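Scroll down for the structure; my scribbles are underneath it.
There are 2 protein chains.
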Amino acid sequence: MTQTPIRFSFLPRRIVSCWYPASRKHFSSTPSTLRAVLQESRNKKSVMATLNTKAGQAVDRAVLDSMLRRRLFYTPSFEIYGGVSGLYDYGPPGCAVLNNIVETWRKHFVLEEDMLEVDCTMLTPEEVLKTSGHVEKFADWMCKDPKTGEIFRADHLVEEMLEARLKGDMEARGQKIEVDTEKEAKKKKKAKSEAIKLDDAVVKDYEEVLAQIDNFDGPQLEQIIAKYDIRNPVTGGNVLPPVSFNLMFQTSIGPSSNMPGYLRPETAQGQFLNFQKLLEFNQQAMPFASASIGKSFRNEISPRAGLLRVREFLMAEIEHFVDPEGGKKHARFDEVKDIELILLNRDVQLSGSTKTETMTVGKAVEIGLVDNETLGYFLARIQLFLLKIGVDSTKVRFRQHMANEMAHYACDCWDAELLTSYGWIECVGCADRSAYDLNVHKNKTGAPLVVRETRAEPLKVEEWQIDLDKKKFGPRFKKDGKTVEAAIDALSQDLREKLALDLEKSGKVEVDVAGVASGKVELEKDIITIEKRTRVENVREYTPNVIEPSFGIGRILYSLMEHVYWYREGDEARGLLSFPPVIAPTKVLLVPLSSNPAFRPLVQQLTTKLRRLGISSRVDDSSASIGKRYARNDELGTPFGVTVDFQSVKDSTITLRDRDSTKQVRASEDEILQALKSLVEGEETWEDVRKRLPEFTGQEVD
Amino acid sequence: MTQTPIRFSFLPRRIVSCWYPASRKHFSSTPSTLRAVLQESRNKKSVMATLNTKAGQAVDRAVLDSMLRRRLFYTPSFEIYGGVSGLYDYGPPGCAVLNNIVETWRKHFVLEEDMLEVDCTMLTPEEVLKTSGHVEKFADWMCKDPKTGEIFRADHLVEEMLEARLKGDMEARGQKIEVDTEKEAKKKKKAKSEAIKLDDAVVKDYEEVLAQIDNFDGPQLEQIIAKYDIRNPVTGGNVLPPVSFNLMFQTSIGPSSNMPGYLRPETAQGQFLNFQKLLEFNQQAMPFASASIGKSFRNEISPRAGLLRVREFLMAEIEHFVDPEGGKKHARFDEVKDIELILLNRDVQLSGSTKTETMTVGKAVEIGLVDNETLGYFLARIQLFLLKIGVDSTKVRFRQHMANEMAHYACDCWDAELLTSYGWIECVGCADRSAYDLNVHKNKTGAPLVVRETRAEPLKVEEWQIDLDKKKFGPRFKKDGKTVEAAIDALSQDLREKLALDLEKSGKVEVDVAGVASGKVELEKDIITIEKRTRVENVREYTPNVIEPSFGIGRILYSLMEHVYWYREGDEARGLLSFPPVIAPTKVLLVPLSSNPAFRPLVQQLTTKLRRLGISSRVDDSSASIGKRYARNDELGTPFGVTVDFQSVKDSTITLRDRDSTKQVRASEDEILQALKSLVEGEETWEDVRKRLPEFTGQEVD
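Order-wise, the sequence lines are chains A and B. Numbered per numbering that gives the first Met the number 0, the first sequence spans residues 0 to 701. Numbered per numbering that gives the first Met the number 0, the second sequence spans residues 0 to 701.
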């Protein structure tokens, strides 16, 4: 079984025709990375146990998930109609965090770097996606159980069955492992593991298949299914051979059915198609970047893993267009060159390890590990962005694609991966895609998706030029004239040189012209001249290369929520989400001590003043205790709380509480508002504020 | 031909089954409004001529449009593939304006009023849209030319042909009118008008048909097409009878084809489906509003009119849930009650006039013209929003829906219409939709989309209650028991009262029970008791009503661009877009006098400082003259310009230019930056700044 080179990606991707499908990994796994982790986990500890909160507590995904749903960060779409797998709605706090991430992204990338943001349609005619390769290649393999009608993603099915058998084997060997009972397995529609010992050779076989699971094509999966007797895990029935299933949602544009279309699988195509106009808008100046934020779609066969594998998702993509000549330098590279990244390079992965090394981006480019400055610049900027929104710096790494993961045209590609309870998740891709995308659309449509620039020094090209005596040529070839001329035009410089010698020697040349006469045409020197001459080029024309940082915003949001989640020691039931203020759904909770009407004017006034400062706030004047009200908002990630009590009514002092430390200070309304402004704008930290304002220790009671 | 009551709307709409389709007007026209305007225009002057810029110049739509495309505010999608009608991309300035409008909307509505913003999926399973009525009713009538395969929207076809004939008639009567030549008509694929005089009676007939064009259903359109011999305007061929065409884009969710779905035609459904969770999130407090910003889709048969009729568009919708009892008061109504609105009420429209009256919203609610405070509150808030983003206050009106336009369940509905070169365009709808939407989903799914509140005073209900002696009842009716019991439970209070009398009189009663015995069942007083008793209700359960302000952001953007467009007298070729700073794509243009490197450090420093102030800027250091560079940015709507010249290098003073007046002031860098901040944040006007800083009159040269 040969390993087919594929292009991996968590996000819908462009594919090139000579490569096997747009198959994706389940998450960021690669044979040598996640597999290695799984292997480890199978033998030693679970991946989940390795994911700790910043307070060092193990993340219990079920507890976190239940909190996120209860507080309406997200919810299954159409739940009252039974729901649709892979579709989720964001409720108020989730939607606010999403908006804040997008706004931060826009400031960090679009505004900071003068990118040209565009908003292109999601509806896309088929022809465009044929050119990009998606119609042919953006597919997964699926198997149908002919009896039950159930459909499985073929690689998932193989994986599930073999993993269940390996589990059973470990159990039989007396290793402690969590095993689904038959009843539980049926409920989850998953394969039950039975404690059956396998031959060592079989275990090895299975592990080898699992290690390569993402690399198999349909016929290979079919063989594996037959060889290892893979069946419907619940009923035990046989499944049909895998068939290819295109992952784009198809529809029809307009009233007649003659314009098939799809929902875009990525936002990139619209940017490529508009390249020429964007270049003109940019007054022909290179390099420049376009950017786009919007929904994309992929019709997953059987989505699992919650917010990480969904059918409709928000992306933010940058296409940075750069001259392929001159080493793809970046004018602002110096600003980031000292930033350290945790890198997992391809050679390490090839050796079967997942050992990372920490290196400045300057060094990584210098030693050629990262292909060029522009790519390196974006890796650093991606990391800065992730840290800005609150990602845990110890849970980010950049993994380089291995040669067999990349499309043949790509120079280099790195994924920013975030560590979650699902393992390392690919959240941002950053690829140097060379001139591929612009070229395919240019070739298909003839649109000049190129840059033309006046050369500082005119270029002189020595070349063999051919002249034809049209007066004699025309009558001689009549209707074949154009075909013959085209064949001559297409002659390479080498051939021309050879023909020039022939012509000088024998006074005639023979040229291959398919479809004319015997396929060869003879030309005498009275009709053809071949001479070496100098051509002067004043204009240089080139197709820019594109560096593409591509962000899965929903995945980033989910991973971020795992990173900022923790709970106070001894109080596991009360979770906290320590979003940084810029990302938190609401910045300030206003808490009147009780529902006493005496507090109302002050609360109202604070609301108005905060709004004027551009700080979002919410009032919780419910009858719950102050402690409970704070705890409720800790779950929502509200970083600050302001309490209005009887003292406030007397002297206009209010208290300010920090979510993470639960420490409070007390000062005048103006001082607190000023502190809030600088906290929210990131000019001061809580520590700064705590030091300069008097501590307060009353109030917070459960 | 009877007039079928329809529900009008520019936006995809929910429809109720007993009303004829989701037919929409072509724009905001109604028989008595736009028709009246068209009528006028046919006789006197063109609508376009009536649209003036704020400088009093006639808007030439072709000139404006060409500027908007040239400056990449928008561009046809997939143009290098030939384009797809009804799909447009927004380029950098259009995208920035769109983002700014959305951001302003979010602040004005969501943050200001603590609305619960949600982000729901566009993919929607068929079942949901069956319940909402869209699957059955969201359709237009289309006609096919069997020879050419062309498809026409039936009402558009009739309209076009009759208007062409009326034009021809006017021409024949010697009235000057712009007439398409045959060649032009073919190019536009439009009916050519020939100068043929019509009988007066025929003219009257045609005008009557045109006045009602939006009200005809398929069979009626078929009659009209036959009666007036309507044909393919280009080939003259006959068309087939109209058939209904659903305007939703259909797709299939998941790998098997058993889950048909659609792209949502509006964002509202997701909000309704999540009502229960949102209410819980809001700690059961009423009233509250949800909001959603996102793309919706409608598969137009033959989109025309550029950005005003597109297949994919951005909407912002609010669903304000309110208790139907208590007159739908609004707590903040007092804040807006003195705001004056220009109202076009339904009675005026019924009388065939388009005469508006100006009235405070307080008065409009008081006299019952606007149904309730909550609706009135939103009308005022909608106007405040439109003015904030730069809409011309003289080109806004609120048009009340006539009875035949509204769904039967709606209490009242007003559209905010903006005057454009296409006539009055419906840009925001604001309807009181009663409890319709929550009820249909509740009835379909059984989900409790209701509010339950503890009554302050328990409600005592006097009612006739029926008791059955189960011991006798069961054996008597056996398998029919449940049917009989259900029939008894369903008896109305009136019937119960009558039966109680019967029972007292004759000792037995007769109850109708369909499907049991002879359809009647006799019950004696040993088996049934009917008594008047008092029931105490501690909890009140009700389905909230919903007030729905629904914004077509793309339409607002286009109308706004027409409103802020003008040109300097004598310089028609140079347009300006006078966006208010909050909406302008870029706030400040930085213009070094020349490409002299001496200016670079200062420009760089200004860029950094502006970014830190949160003010977006762009540098134009091209070799064009300062005047030309400013003019280029006037077209983009950049409100302010800063020039760096040799004086600046010497003394750090810079100049600040106002786009609209072209006046300049000169002051120190700090003073100018401070002025910019207060201008952009709306704290000062240009007049304020001009008064307090020294004028500057040099530089601006062409």
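By construction, the Cβ of each residue, glycine as well, lies at the ideal position given by its N, Cα and C atoms. A quick note: this is a predicted structure, and the numbers were derived from the prediction, not measured.
**Request:** State yes or no: is the C-beta of B/Glu530 within less than 9 Å of the C-beta of B/Ala499?
**Result:** Taking the second sequence and counting its residues from 1, one reaches residue 530 of chain B at position 531. Taking the second sequence and counting its residues from 1, one reaches residue 499 of chain B at position 500. Contact flag set, yes.
**Prompt:** Between the beta-carbon of A/Leu589 and the beta-carbon of A/Ser621, is there less than 9 Å?
**Reply:** Residue 589 of chain A sits at position 590 when you count from the first residue of the first sequence. Residue 621 of chain A sits at position 622 when you count from the first residue of the first sequence. Not a contact, by the Cβ cut-off of 9 Å.
**Contacts that A/Ala95 makes with chain B (C-beta to C-beta distance below 8 Å)** = Translated into the one-based positions of the first sequence, residue 95 of chain A becomes position 96. Result: Glu116.
**Asked** Buried or exposed: which applies to A/Arg724, given that a residue is buried once 16 or more other Cβ atoms fall within 10 Å of its Cβ?
**Response** Residue 724 of chain A lies beyond the range of chain A shown here (0 to 701); nothing can be said about it.
**Request:** May I ask you to list the residues that DSSP assigns as paired with B/His319?
**Result:** What you label residue 319 of chain B is simply residue 320 of the second sequence in a count that begins at 1. The partner list for B/His319 (beta bridge, DSSP) reads B/Ala288, B/Ile546.
**Asked** When DSSP builds the beta bridges, which residues end up paired with A/Glu462?
**Response** To locate residue 462 of chain A, count along the first sequence from 1; it is residue 463. BP columns for A/Glu462 point to A/Arg532.
**Asked** In whole angstroms, what separates the C-alpha of A/Leu165 from that of A/Pro232?
**Response** Walking along the first sequence from the start, residue 165 of chain A turns up at place 166. Walking along the first sequence from the start, residue 232 of chain A turns up at place 233. Distance from the CA atom of A/Leu165 to the CA atom of A/Pro232, rounded to whole angstroms, is 14 Å.
**Item:** Chain-ordered chain B contacts of A/Met285 [CB-CB under 8 Å]
**Value:** For this step, residue 285 of chain A is matched to residue 286 along the first sequence. Ordered by position in chain B, no residue passes the 8 Å Cβ test against A/Met285, which lies about 14 Å from the chain.
**Request:** Within the same chain, show all residues whose beta-carbon is closer than 7 Å to that of B/Tyr205, passing over the 5 residues directly before and after it, in chain order.
**Result:** Indexing the second sequence from 1 puts residue 205 of chain B at position 206. Non-local C-beta neighbours of B/Tyr205 in its own chain, meaning closer than 7 Å and more than five positions away in sequence, comprise Leu161, Arg164, Leu165, ordered along the chain.
**Prompt:** Which residues in chain B sit within 8 Å of A/Glu311, going by Cβ to Cβ distance?
**Reply:** Residue numbering aside, residue 311 of chain A sits at position 312 when the first sequence is read from its first letter. What A/Glu311 touches in chain B: Thr120, Met121, Leu122.
**Prompt:** In chain B, what lies closer than 7 Å to A/Phe786 by C-beta?
**Reply:** The requested residue 786 of chain A does not occur in the structure, where chain A is confined to residues 0 to 701.
**Prompt:** Closer than 9 Å, CB to CB, is B/Ala446 near chain A or not?
**Reply:** Position 447 of the second sequence, counted from the first residue, corresponds to residue 446 of chain B. Chain A contact via Cβ: present.
**Asked** Quick one: what's B/Ser667 bridged to in DSSP?
**Response** Residue numbering aside, residue 667 of chain B sits at position 668 when the second sequence is read from its first letter. In the DSSP output, where bridge partners are listed per residue, B/Ser667 has B/Thr652.
**Message:** In the DSSP assignment, the alpha helix (DSSP H) including B/Glu135 goes from what residue to what residue?
**Reply:** Working through the second sequence from its first residue, we reach residue 135 of chain B at position 136. B/Glu135: member of the alpha helix (DSSP H) spanning 133-136, first to last residue.
**Asked** Which whole-angstrom value describes the C-beta separation of A/Phe737 and A/Pro543, a residue pair presumed to lie in contact below a C-beta threshold of 8 Å?
**Response** Because chain A in this structure spans residues 0 to 701, residue 737 of chain A falls outside the shown range and cannot be described.
**Asked** Who are the Cβ neighbours of B/Lys507 in its own chain at under 7 Å, not counting the five residues just before and after it?
**Response** Here residue 507 of chain B corresponds to residue number 508 of the second sequence, with the count starting at 1. Excluding sequence neighbours, B/Lys507 sits near Glu521, Leu522, Glu523, Lys524.
**Asked** Within the 9 Å Cβ cut-off, does A/Asn98 reach chain B?
**Response** Counted from its first residue, the first sequence places residue 98 of chain A at position 99. At least one chain B Cβ lies under 9 Å of A/Asn98.
**Asked** Are any of the Cβ atoms in chain A nearer than 9 Å to that of B/Ser80?
**Response** Along the second sequence, read from residue 1 onward, the residue named residue 80 of chain B stands at position 81. The question names Ser, but residue 80 of chain B in the sequence shown is Tyr. For B/Tyr80, at least one C-beta of chain A is nearer than 9 Å to its own C-beta.
**Request:** Could you pull out every residue in the same chain whose Cβ sits closer than 7 Å to the Cβ of B/Gln56, ignoring the five residues on either side in sequence?
**Result:** Locating residue 56 of chain B in the second sequence gives position 57, where the first residue counts as 1. Contacts found: Trp565, Tyr566.
**Request:** Could you tell me the distance, in whole angstroms, from the CA atom of B/Asp411 to the CA atom of B/Gly551?
**Result:** Here residue 411 of chain B corresponds to residue number 412 of the second sequence, with the count starting at 1. Here residue 551 of chain B corresponds to residue number 552 of the second sequence, with the count starting at 1. Spanning the alpha carbons of B/Asp411 and B/Gly551 requires a straight line of approximately 19 Å.
**Message:** Per DSSP, what are the beta-bridge partners of A/Thr357 in this structure?
**Reply:** Locating residue 357 of chain A in the first sequence gives position 358, where the first residue counts as 1. A/Ile341, per the DSSP bridge assignment.
**Request:** Quick one: using the 10 Å Cβ neighbour count with 16 as the cut-off for buried, is B/Leu220 buried or exposed?
**Result:** On the second sequence, position 221 is the one that residue 220 of chain B refers to. B/Leu220 is buried by the Cβ-count criterion.
**Item:** beta strand (DSSP E) segment containing B/Arg411, residue limits
**Value:** Mapped onto the second sequence, residue 411 of chain B falls at position 412. Checking the sequence shown, residue 411 of chain B turns out to be Asp, not Arg. Run containing B/Asp411: 411-419, per the beta strand (DSSP E) assignment.
**Message:** In whole angstroms, give me the CA-to-CA distance for A/Gly636 and A/Thr585.
**Reply:** Indexing the first sequence from 1 puts residue 636 of chain A at position 637. Indexing the first sequence from 1 puts residue 585 of chain A at position 586. Whole-angstrom Cα-Cα distance: 8 Å.
**Message:** Please identify the residue among B/Asp479, B/Ile487, B/Glu547 whose C-alpha is closest to the C-alpha of B/Gly514.
**Reply:** Translated into positions along the second sequence, residue 514 of chain B becomes position 515. Put simply, of B/Asp479, B/Ile487, B/Glu547 the residue whose alpha carbon is nearest the alpha carbon of B/Gly514 is B/Asp479.
**Prompt:** Between the Cα of A/Ile195 and the Cα atoms of A/Glu207, A/Ala210, A/Arg172, which residue gives the shortest distance?
**Reply:** Your numbering for residue 195 of chain A matches position 196 in the first sequence. Distances from the CA of A/Ile195 to each of A/Glu207, A/Ala210, A/Arg172 were compared; the closest alpha carbon is that of A/Arg172.
**Asked** Nearest to B/Thr453 by CA position, among B/Gln673, B/Phe695, B/Glu694, B/Ala284, is which residue?
**Response** On the second sequence, residue 453 of chain B is found 454 positions in, with the first residue counted as 1. Minimum Cα-Cα distance from B/Thr453 among the listed residues B/Gln673, B/Phe695, B/Glu694, B/Ala284 corresponds to B/Ala284.
**Prompt:** Apart from the five residues just before and just after A/Phe578, which ones in its own chain have a Cβ nearer than 6 Å to its Cβ?
**Reply:** Numbered from 1 along the first sequence, position 579 holds the residue referred to as residue 578 of chain A. Excluding sequence neighbours, A/Phe578 sits near Gly389, Val563, Gly636.
**Request:** Give a yes or no on whether the minimum CB-CB distance between A/Lys676 and chain B is below 9 Å.
**Result:** Within the first sequence, numbered from 1, the residue matching residue 676 of chain A stands at position 677. No, because no Cβ of chain B sits closer than 9 Å to the Cβ of A/Lys676.
**Prompt:** Since A/Arg610 meets chain B, which of its residues come closer than 8 Å, beta carbon to beta carbon?
**Reply:** On the first sequence, residue 610 of chain A is found 611 positions in, with the first residue counted as 1. Residues of chain B passing the Cβ test: Leu110, Glu111.
**Request:** Would you be able to state if there are at least three C-beta pairs under 8 Å between the segment 289-296 of chain B and the segment 251-267 of chain A?
**Result:** When Cβ pairs closer than 8 Å are counted between the two stretches, the segment 251-267 of chain A is seen not to touch the segment 289-296 of chain B, the count staying below three.
**Request:** Please state whether DSSP places B/Asp346 in a helix, a strand or coil.
**Result:** Numbered from its first residue, the second sequence carries residue 346 of chain B at position 347. For B/Asp346, the secondary structure class from DSSP, reduced to helix, strand or coil, is helix.
**Item:** CB contact check: A/Met560 to chain B, cutoff 9 Å
**Value:** By one-based count along the first sequence, residue 560 of chain A stands at place 561. No - not a single Cβ of chain B is within 9 Å of the one on A/Met560.
**Request:** Under 8 Å Cβ to Cβ from B/Arg656, same chain only, skipping five residues before and after it: list those, please.
**Result:** The residue labelled residue 656 of chain B in the question sits at position 657 within the second sequence. For B/Arg656, where only same-chain residues beyond five positions count, the Cβ hits under 8 Å are Tyr629, Phe639, Gly640, Val641, Thr642, Lys662, Gln663, Glu699.
**Asked** Which residues share a DSSP beta bridge with A/Leu57?
**Response** Position 58 of the first sequence, counted from the first residue, corresponds to residue 57 of chain A. Per the sequence shown, the amino acid found at residue 57 of chain A is Ala instead of Leu. For A/Ala57, DSSP records a beta bridge to A/Asn51.
**Request:** If I'm right that A/Ser558 touches A/Thr419 with Cβ under 8 Å, what's the distance once you round it to whole angstroms?
**Result:** As a first step, residue 558 of chain A is located in the first sequence; it is residue number 559 there, counting from the start. As a first step, residue 419 of chain A is located in the first sequence; it is residue number 420 there, counting from the start. Right, the Cβ-Cβ distance comes to about 5 Å (below 8 Å), so this counts as a contact.
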